[in-house]
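Student: The sequence shown runs -1 to 160 under our numbering.
Here you go, one structure.
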Amino acid sequence: MPSVHDNEQPKNAPDATSNPSEFSIEVISSTTATREALLQVIAGLAPIGLDPEDSETVELVLAEVLNNIVEHAYPEVGTVGAIHIRCRHLADGLHFRIRDFGNRMPDDKAPLGEMRSYDVDVEDLPEGGFGWFLIRDLAKDVHYSRIAGGNQLDLRIAVDYG
């Protein structure tokens, strides 16, 4: 995945000058939603001066979550749905709440994201699942719930500040 650390300025980036410890953004599910959201999140996090490695962790975790929403919560071609992201910067890290109103998770639970054996022929490799392994490995306090017809995923990413 290309990094969003380039000179491209995000549209509708959060105004980090109003409250650098918390911001919210919204994107509409589409083929470009993940990139648009990541640009806005990175812009919102700029004032706190994240370590580059932590910034990449945030990008990776959110990219996995957002790609899952686009692919599974709003899978029908032409389906338009909002994705809301709230970030709170607290002493123990970055707390994210991601909400959408698409399809619910199977069994109303986030996948466990267990590491599978990949010592098989290419045609026998499992489809999916590795993204949830990364999310659960890199983020803490991962909690999914279905609330008022929507999906809500809360997670925390422990980070160092530059």
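A virtual CB, placed ideally from N, CA and C, is assigned to each residue, including glycine.
1. Run through the DSSP bridge pairs and tell me what Asn149 is partnered with.
2. Restricting to Cα atoms, I'd like to know which of Ala156, Ala146, Ile23 is closest to Arg84.
3. Once DSSP output is grouped into helix, strand and coil, what is the label at Ala108?
4. Please classify Val68 as buried or exposed, where buried requires at least 16 other C-beta atoms within 10 Å of its C-beta.
5. Under DSSP, the alpha helix (DSSP H) around Ala41 begins and ends at which residues?
6. Decide if Val78 is buried, meaning its Cβ has at least 16 other Cβ atoms within 10 Å, or exposed.
7. Let me check one thing: in DSSP terms, what residues is Glu20 bridge-paired to?
8. Just how far apart, CA to CA, sit Ile26 and Asp98?
9. Check whether the segment 53 to 67 touches the segment 146 to 157, taking contact to mean three or more Cβ pairs, one atom from each stretch, closer than 8 Å.
Tutor: Looking at the atomic coordinates:
1. The count along the sequence shown starts at 1 and reaches residue 149 at position 151. According to the DSSP secondary-structure assignment, Asn149 is paired through a beta bridge with Asp98, Arg144.
2. By 1-based counting over the sequence shown, the position of residue 84 is 86. For the residues Ala156, Ala146, Ile23, the minimum Cα distance to Arg84 belongs to Ile23.
3. For the purposes of this step, residue 108 is identified with residue 110 of the sequence shown, where counting begins at 1. The answer is coil: DSSP assigns Ala108 none of H, G, I, E or B.
4. By one-based count along the sequence shown, residue 68 stands at place 70. Its Cβ being crowded by 16 or more others within 10 Å, Val68 is buried.
5. Locating residue 41 in the sequence shown gives position 43, where the first residue counts as 1. Here the alpha helix (DSSP H) through Ala41 covers 31 to 43.
6. Locating residue 78 in the sequence shown gives position 80, where the first residue counts as 1. Flag for Val78 reads exposed.
7. Locating residue 20 in the sequence shown gives position 22, counting from the first residue. DSSP output for Glu20 lists Arg86 as bridge partner(s).
8. Here the question's residue 26 lines up with position 28 in the sequence shown. Here the question's residue 98 lines up with position 100 in the sequence shown. The alpha-carbon of Ile26 is positioned some 10 Å away from that of Asp98.
9. With the cut-off at 8 Å, the segment 53 to 67 and the segment 146 to 157 touch.
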